[in-house]
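A.B. asks:
Number of protein chains: 2
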Amino acid sequence: MAQPEANFGFIGISGRGNSMLREFLSVPGVRVTAVCDKYEDRARRGAEIVKEVTGKDVEWYTDHRELLAREDIKAVVACTTWISHSRIAIDAMRAGKHVAFEVGGAASLDECWQMVRTAEQTGKICMIMENCCFERREMTLFKMIKEGMFGELVHFEGAYCHDLREEIGNGREIRHGRLVNFTARNGELYPTHQLGPIAKCLGINRGNRFLTLNSVASKGVGLHDWHVKQHTPDYYNYNTVFNEGDVVQTFLKCANGETVMLTHNCTLVHPYSRRYVIQGTNAIFSEAPEDDVICFDGEHRWKKFQPVLEANEHPLWKEYRTAGVHAGHGGMDYLVLCAYAEAAINDLPAPIDVYDTATWMAVTCLSEQSVAMGGAPVPFPDFTDGLWIERGPFRRGKFCLEAVCDEYFE
Amino acid sequence: MAQPEANFGFIGISGRGNSMLREFLSVPGVRVTAVCDKYEDRARRGAEIVKEVTGKDVEWYTDHRELLAREDIKAVVACTTWISHSRIAIDAMRAGKHVAFEVGGAASLDECWQMVRTAEQTGKICMIMENCCFERREMTLFKMIKEGMFGELVHFEGAYCHDLREEIGNGREIRHGRLVNFTARNGELYPTHQLGPIAKCLGINRGNRFLTLNSVASKGVGLHDWHVKQHTPDYYNYNTVFNEGDVVQTFLKCANGETVMLTHNCTLVHPYSRRYVIQGTNAIFSEAPEDDVICFDGEHRWKKFQPVLEANEHPLWKEYRTAGVHAGHGGMDYLVLCAYAEAAINDLPAPIDVYDTATWMAVTCLSEQSVAMGGAPVPFPDFTDGLWIERGPFRRGKFCLEAVCDEYFE
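Each protein sequence line maps, in turn, to chains A and B.
Count the first sequence with our numbering and you get residues 206 to 615, in order.
Count the second sequence with our numbering and you get residues 206 to 615, in order.
#1: Residue 240(A) by DSSP, collapsed to three states: which one?
#2: Between 602(A), 410(A), 485(A), which has its C-alpha nearest residue 591(A)'s C-alpha?
#3: Check each candidate in 454(A), 269(A), 263(A) and name the one with the smallest Cα separation from residue 573(A).
#4: Less than 8 Å between the C-beta atoms of residue 459(B) and residue 413(B), yes or no?
#5: With C-beta atoms as the reference, is residue 282(A) less than 8 Å away from residue 229(A)?
#6: Determine contact between the stretch 310-322 of chain B and the stretch 565-581 of chain B, defined as no fewer than three beta-carbon pairs at a distance below 8 Å.
#7: The ligand HEM and residue 318(A): does any heavy atom of the ligand fall closer than 7 Å to the residue's C-beta?
#8: Who are the Cβ neighbours of residue 614(B) in its own chain at under 7 Å, not counting the five residues just before and after it?
#9: Look up residue 402(B) in the DSSP assignment and say whether it is helix, strand or coil.
#10: Return the bridge partner residues of residue 216(B) from the DSSP annotation.
#11: Once DSSP output is grouped into helix, strand and coil, what is the label at residue 440(B)?
#12: Given a cut-off of 8 Å on the beta-carbon distance, is the pair residue 563(B) and residue 317(B) in contact?
#13: When the Cα atoms are used, what is the spatial distance from residue 588(A) to residue 367(A)?
#14: Would you check if there are 3 or more beta carbon pairs closer than 8 Å linking the stretch 379-388 of chain A to the stretch 285-292 of chain A?
#15: How would you write the range of the beta strand (DSSP E) that residue 511(A) sits in, first residue to last?
#16: Determine the contact status of residue 402(A) and residue 343(A), defining contact as a CB-CB distance below 8 Å.
#17: Rank 457(A), 264(A), 305(A) by C-alpha distance to the C-alpha of residue 580(B) and give the top, closest one.
#18: Is it true that the stretch 492-499 of chain A meets the stretch 431-451 of chain A, where meeting means three or more beta-carbon pairs spaced less than 8 Å apart?
#19: So which residues on chain B does residue 488(A) lean against when the C-beta distance must stay under 7 Å?
#20: Can you pull the DSSP bridge partners for residue 361(A)?
#21: Please say whether residue 235(A) and residue 251(A) have beta carbons closer to each other than 8 Å?
#22: Could you tell me which chain B residues have their CB closer than 8 Å to the CB of residue 500(A), listed as they occur along the chain?
#23: Just mark residue 516(A) as buried or exposed, buried being the case when its beta carbon has 16 or more other beta carbons within 10 Å.
#24: With a threshold of 16 other CB atoms inside 10 Å of the CB of residue 582(B), please say whether the residue is buried or exposed.
#25: Does any residue of chain A have a CB that is nearer than 8 Å to the CB of residue 334(B)?
#26: Can you list, in chain order, the residues of its chain with a C-beta nearer than 8 Å to that of residue 224(B)? Leave out the 5 residues immediately preceding and following it.
#27: Which bits of chain B does residue 427(A) rub up against, with CB to CB less than 8 Å?
#28: Would you mind sorting residue 464(A) into buried or exposed? The rule is 16 or more other CB atoms within 10 Å of its CB.
#29: Taking any Cβ of chain A, which residues in the stretch 571-583 of chain B have a Cβ under 8 Å from it, in chain order?
#30: Could you please give the first and the last residue of the uninterrupted alpha helix (DSSP H) stretch that includes residue 570(A)?
#31: I'd like the span of the beta strand (DSSP E) that includes residue 422(A), first residue to last.
#32: Quick check: the Cα distance between residue 406(A) and residue 347(A), rounded to an integer number of angstroms?
#33: Which of the residues in the stretch 380-400 of chain A, read from start to end, lie with their CB under 8 Å from any CB of chain B?
#34: Chain B partners of residue 417(A), CB-CB under 9 Å?
#35: In whole angstroms, give me the CA-to-CA distance for residue 430(A) and residue 486(B).
#36: Are the stretch 324-334 of chain A and the stretch 296-306 of chain A touching by the rule of at least three beta carbon pairs closer than 8 Å?
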């Protein structure tokens, strides 16, 4: 059977968009026939990349609505800013295209609801491309959980600890969206990297849901300290007051009694870490500075996780390693793009759907409100309007994020 | 000059009291002349221990008020339950004795206030014996902070991760106080081990204070799971519903903008850990499953903490290691007992005073209230009634917990 194909538009050719576009061009069935960026130099660069990789000339646009008006395009990918991508997603679905976009939190609950309602009305895919859901470690832990190796789940922790002082401090030069967000906002600005995999493990929107959220923020002194260390007082942000606290921690309480604790930690010295912790009645897993560790009930001591990972590796990753792992972020960028492309080309449900997307993104705006109220609990919306109670696991295709999907375990 | 001495009473001869009594008998200047436990067998055992170690006969009591009525006794140590020790402390001060007691949280804010008011009125010492303040690692980190190596402090984490399922599950047999507390309560039941050192680093009650607290608890399934794994349905607690959540996390927000996150984690599989994390503008320290790690600004990677500890060791510990470290909990039990004895014998202020004691203990009852209100912020009392604003660091004696005290840095 011939590989089914479709025409895609690609919107947002920033540094990240650049590498995602290259990766996307290698996904089976993907034809990128139009690119777009609001900056003309970036839009032109996008067309050059497509030419370079495929040998074909494509149109470039600086207004995404012009791209969306093209009838030959079936679906789009957006790698734009945290503030623009849900607008673009809603426009895309209204124009009859599937859409997937880069990670980032929401600014308002209503933008989440709009994505949900538009996806429900149009039947189009609206998928946040949370690559960490497709990480080798995360998929293996997911499989181990589904096979019962952790027992009853009780508690998760995840984090985005990433020293971004330089990226934010040089944000004007590199046109990076983080700068304005760290200046204006105070909350869990980047929740999805560890929350995505955690939500999948907990069956959020499929038998479970988040009920409440609390967030607390430390003072924010790291960015100013960086400016003082790196620059002279005439530097443009030398005296800027950044609203974002250096350490923001967020609690989520689930309908089934589990807790999730997230940490956002980007403006102090911190080697990269997602601080992943899983606790169930039969085991505890913990990310660690050197090697990840695990301890099963009865063992009393940590042991290295690597041999356990190898013994329990998710079948998708086994197959992927045999075929040859693509580069972006250790290979997970390629998998999340494949998962979207497969669903979009064949008009099938995506493994990360609009309810997941809205739920994960909503953490940001809820967190800002809770921080402002001293960590007061805020209600978490049920974007499924009660469907979560009876929705079963998603089991279609090899990118289904289920260890027990038909593709592998018939 | 002759070593000054004093007569002490020792109350509470549980398993823990047993080892603390032996340790206390080796502290310079300490004469234990009376022992007490509400169980007669334990009280007799206390007298036997004193006889064994010192060769002297001492009175034993089953009512602490009888011991407190003895005029020859200058001060007491109490190793009783979380619910009884503040009552005993208040009785002791009213009877004109200094008092120090084992760690544990408070059940009510008023018990904390009573300790504060009684200490203020009587001028007696009321000290929680938080041994972790005297741990080698903790004292060295404290010294590094005071010397500016972490820059401006922003965020701390600490925990009590200790798999106590067996101790709690067998609580009736071993007459252990944890059982009833885990059955009846839900909150941060054991906050002080990491909070004590953190509060000292942050200058709490001396230029800083805790303003608000939020706590969130997971469901509590670990103890029931343990009973199902270990026992048959006729076991006395097989069907008990334990109120305590398996993982309770607590946020403290400080007057100077710092945050503290505490984890209580005692009823699931978990190798022992206090999960100590310190973040400032110049460095991050993190406890880790294998070796503790640190990263200074500009380094970008974790490195092992051990060589840094050795290069920056607190002078009290250098001296202590030269003289020979005593056994209990790696030596810190001995140091906290010495710190108390030195203050009590000489009628001097103690390095952990009643304000510290009340503040650290109050976390427990505040946490229970916040958990019950879904993590709502609760106001943290100022037990100093505003004195914290101008109180300077405590700098007396070699157990002063200050790296810059006169004893060492003239």
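For each residue, glycine too, the CB sits at the ideal point set by N, CA and C.
C.D. replies: The answer reads as follows:
#1: strand
#2: 410(A)
#3: 454(A)
#4: yes
#5: yes
#6: yes
#7: Among the ligands in the structure shown, none appear at all, so the ligand HEM cannot be discussed.
#8: Because the pLDDT at residue 614(B) is just 40, under 50, the model does not fix this residue reliably, and the value given afterwards should be weighed accordingly. If we look at residue 614(B) and ignore the five residues flanking it on each side, it has no Cβ neighbours.
#9: helix
#10: 241(B), 283(B)
#11: coil
#12: yes
#13: 30 Å
#14: yes
#15: Where residue 511(A) is concerned, there is no enclosing beta strand (DSSP E), although the alpha helix (DSSP H) it sits in stretches over 511-517.
#16: yes
#17: 457(A)
#18: no
#19: 474
#20: 465(A), 483(A)
#21: no
#22: 474, 475, 476
#23: exposed
#24: buried
#25: no
#26: 533, 538
#27: 359, 486
#28: buried
#29: 578, 579, 580, 581, 582
#30: 559-577
#31: 415-422
#32: 6 Å
#33: none
#34: 421, 579, 580
#35: 7 Å
#36: yes
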